[in-house]
């Protein structure tokens, strides 16, 4: 048995998810709860963390720098909220990518001692990051509602935007988790890469201020399309650029498929080097 | 449950480890040779090591198979492949039904998780739905008996607690096959007993694959054994035969390390699963006392089958002396085929000396049907102050006089041996497995290994 899945099937990454859904949920839940274990207010940290960050952003960018987004109206909170909408997407990605290279290495038992569906580790990592993204988004919407006014109806499209993003993130985890077993350098390199991706996406600045000749290159950054789309639906109250999002989804699904296939092919080598 | 249903089929199984100097070489090996081949060049980034090769066997439902071998003989590799955690390099493994494994130290717990979380996680891995797990949780906790530690991360557990929990889970997942690798050696006596009770119960319905260095446990628990050495399958047969051969080979290897040669004669029919009956002598041995003794139901009769040098099944030794006669006599020193339990018996072992030897030690073991050693003794302590010396051509005879214990009904055999050296470091000159055998009849004893003569049995009424 090399793989329990037919790798020619582009849906195999999702079959892995649904076949072991109970396990994925259990692992993700334990991941979220485990992070705050032993702390006094426990799970509330997942709520206070983004809240405190948002307040800091507001003070630093809104009050000190007096930063303004192009076309922005409104007060101190506005910039922070726009920034936050993008950063949330980024931190979801970063959280997964940073963990990925050590995901298998830290769970040696699952490779050598039991028959564990290793492919689900990726989904559970994504699941726990997703939880944090949703809490952060909730914080964002509450502040937006308190500081600015009613949240736009397009918020209901946010899950759609996230759904387009998830295959890509899961794919990154599969790829990095597999490579991280063989090349321990990834653990070091990934921090630099995720930081670079953050600065090279229109998260801290509007896309419009990028010189025109570079502007479309930005879409090579896998974060760009999703950052823009989530800002569209959460802050600007407009529909996302469906064309870009559609293309992104196709690429995202293809990437997840390839990464999953690679993971399944390479997993038989895990036990040899762990 | 039909016993001829195949549960595990292992065919020409082999596992090659590719030893990589660094993990990155493993990745290169995955990618580069394909490119290399396209250009007509071959390069391997690893050194080969075969942990297991050409191993084939079948296990039927309900069988209990022990796997023995020295460290590094491939036992764990074999089990890991049976369980599916390792991918075979060649050959195949087919397993029917749910398999629960206790490999090395417990199952694959996540050390950061609490015991409770690991119970649910492991349960899900075995495919037990969460609601079923919830209903069995208390029973698992009771079995493991680790108290409040169930809510602590598993990394804080002692190795004993770890195994307790792992065993408790494995016992609650309705496995068809249970694979146990050395796991029981770390538990305390009480828990080991609990596990053994469970295993004996489990044997009635499921298949058990059992690895242990404890050959006693293997003979005790298993009907059949497979002996691995250096990744090869040396023998497959009845647990008792295999353990005997294994111990003999072990001894030979130990002594070889000290520069002495001990030859091992493996019986020609070994390797085939031998039936227990093939050892027996004709059963219609008639003894004048038998009729008399049969009248007393409480007597424990021990029917002795005499030593036959032509029928030695398996023996080993360095060969400076040979045991030529073994007799189990009654208290008067007469050879009788029937000796009663509780009476004095005299075991005599006669050896012919072929090379000059000093400080010979005679010894014997009485073993039950499963090869479990029940009792035994040797001449070392009695003679180490005044060692006997013997020249070629001499004959030595040792006597052991003891009260024959009351033995549960069944077949017994006696291993006899002549060694030279000390209790701690000695060379077996000649060891004969099952030199003589005997049968115990009519025992009032039903449980336990041996009975001892009771000096008094009474019930009295005491004032409250």
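Chains as they are written, first to last, in my numbering: chain A, 1 to 274; chain B, 1001 to 1464. All C-beta atoms, glycine included, are put in the ideal place defined by N, C-alpha and C. Model, not experiment: these values are computed from the prediction.
Strand pairing of residue i, partner residues [DSSP]
| i | result |
| --- | --- |
| residue 1314/B | 1433/B |
| residue 1428/B | 1419/B |
| residue 1438/B | 1304/B, 1412/B |
| residue 169/A | Answer by DSSP bridge pairing: none, since residue 169/A is not bridged. |
| residue 1178/B | 1100/B, 1208/B |
| residue 1064/B | 1208/B |
| residue 1346/B | 1329/B, 1401/B |
| residue 1233/B | 1228/B |
| residue 1389/B | 1358/B |
| residue 15/A | According to DSSP, residue 15/A bridges with nothing at all. |
| residue 1351/B | 1323/B, 1396/B |
Boundaries of the beta strand (DSSP E) in which residue i is found, first to last residue
| i | result |
| --- | --- |
| residue 1367/B | 1360-1367 |
| residue 1058/B | 1047-1060 |
| residue 1229/B | 1224-1229 |
| residue 1375/B | 1373-1378 |
| residue 1015/B | 1006-1019 |
| residue 1084/B | From DSSP, residue 1084/B is part of no beta strand (DSSP E); its letter is neither H nor E. |
| residue 1094/B | 1090-1095 |
Outcome for residue i when other beta-carbon atoms lying within 10 angstroms are tallied against a minimum of 16
| i | result |
| --- | --- |
| residue 30/A | buried |
| residue 1466/B | Outside the shown range of chain B (1001 to 1464) lies residue 1466/B, about which nothing can therefore be said. |
| residue 1244/B | buried |
| residue 1465/B | One cannot answer for residue 1465/B here, as it falls past the ends of chain B, which runs 1001 to 1464. |
| residue 1092/B | exposed |
| residue 240/A | buried |
| residue 1202/B | buried |
| residue 1286/B | Confidence at residue 1286/B is low in this model, with a pLDDT of 36, below 50, so its placement is unreliable and no value can be given for it. |
| residue 59/A | exposed |
| residue 1027/B | buried |
| residue 1095/B | buried |
| residue 199/A | exposed |
| residue 1366/B | buried |
| residue 195/A | exposed |
| residue 1233/B | buried |
Residue i - containing alpha helix (DSSP H), residue span
| i | result |
| --- | --- |
| residue 25/A | 21-35 |
| residue 243/A | 242-266 |
| residue 201/A | Careful: residue 201/A lies outside any alpha helix (DSSP H) and carries neither H nor E. |
| residue 9/A | Element bounds for residue 9/A: n/a, residue is neither H nor E. |
| residue 1216/B | 1215-1221 |
| residue 1252/B | 1239-1257 |
| residue 229/A | 224-231 |
| residue 119/A | 119-147 |
| residue 213/A | 212-215 |
| residue 1451/B | It is not in any alpha helix (DSSP H) - residue 1451/B carries neither H nor E in the DSSP assignment. |
| residue 273/A | 270-273 |
| residue 1044/B | Taken as a continuous stretch (DSSP letters only), residue 1044/B belongs to no alpha helix (DSSP H), as it is neither H nor E. |
Residue i to residue j span [Cα, whole Å]
| i | j | result |
| --- | --- | --- |
| residue 84/A | residue 257/A | 30 angstroms |
| residue 946/B | residue 1374/B | Because chain B is modelled from 1001 through 1464, residue 946/B falls outside the range shown and cannot be assessed. |
| residue 1404/B | residue 1061/B | 39 angstroms |
| residue 1048/B | residue 97/A | 34 angstroms |
| residue 193/A | residue 129/A | 18 angstroms |
| residue 1013/B | residue 1090/B | 6 angstroms |
| residue 1425/B | residue 34/A | 55 angstroms |
| residue 1347/B | residue 1434/B | 14 angstroms |
| residue 1158/B | residue 1113/B | 15 angstroms |
| residue 1340/B | residue 1351/B | 27 angstroms |
| residue 1098/B | residue 1174/B | 8 angstroms |
| residue 1290/B | residue 1370/B | Any reading at residue 1290/B must be qualified, since the residue scores a pLDDT of 39, below 50, and its modelled position is unreliable; no value is offered. |
| residue 227/A | residue 27/A | 27 angstroms |
| residue 1423/B | residue 1165/B | 40 angstroms |
| residue 1211/B | residue 1066/B | 6 angstroms |
| residue 1005/B | residue 1178/B | 16 angstroms |
| residue 1288/B | residue 1376/B | With a pLDDT of 38 at residue 1288/B, under the threshold of 50, the modelled position of that residue is not reliable, and the figure given next carries that caveat. Roughly 29 angstroms separates the two Cα atoms. |
| residue 49/A | residue 1144/B | 39 angstroms |
| residue 37/A | residue 1155/B | 15 angstroms |
| residue 1298/B | residue 1084/B | Bear in mind that the predicted position of residue 1298/B carries a pLDDT of just 49, short of 50, making it too unreliable to give a figure here. |
| residue 1292/B | residue 1327/B | Confidence at residue 1292/B is low in this model, with a pLDDT of 42, below 50, so the placement of that residue should be treated as unreliable; the coordinate-derived value is given next. Approximately 23 angstroms between the Cα atoms of the pair. |
| residue 212/A | residue 21/A | 45 angstroms |
| residue 1019/B | residue 1384/B | 51 angstroms |
Residue i beta carbon near the ligand MG (any heavy atom closer than 8 angstroms)
| i | result |
| --- | --- |
| residue 211/A | Absence of the ligand MG from the depicted structure is noted, as is the absence of any ligand whatsoever, leaving it without description. |
Worksheet item: What residue ranges within the region 1314-1343 of chain B form continuous beta strand (DSSP E) runs of no fewer than 3 residues, ordered along the chain?
Response: 1314-1317, 1321-1330, 1338-1340
Discussion item. Please give the ranges of any alpha helix (DSSP H) in the region 47-113 of chain A, keeping only runs that are unbroken, at least 4 residues long and fully inside the region.
Written reply: 76-103, 108-112
Worksheet entry | alpha helix (DSSP H) runs wholly inside the region 1111-1159 of chain B, at least 4 long, in chain order | 1115-1125, 1130-1144
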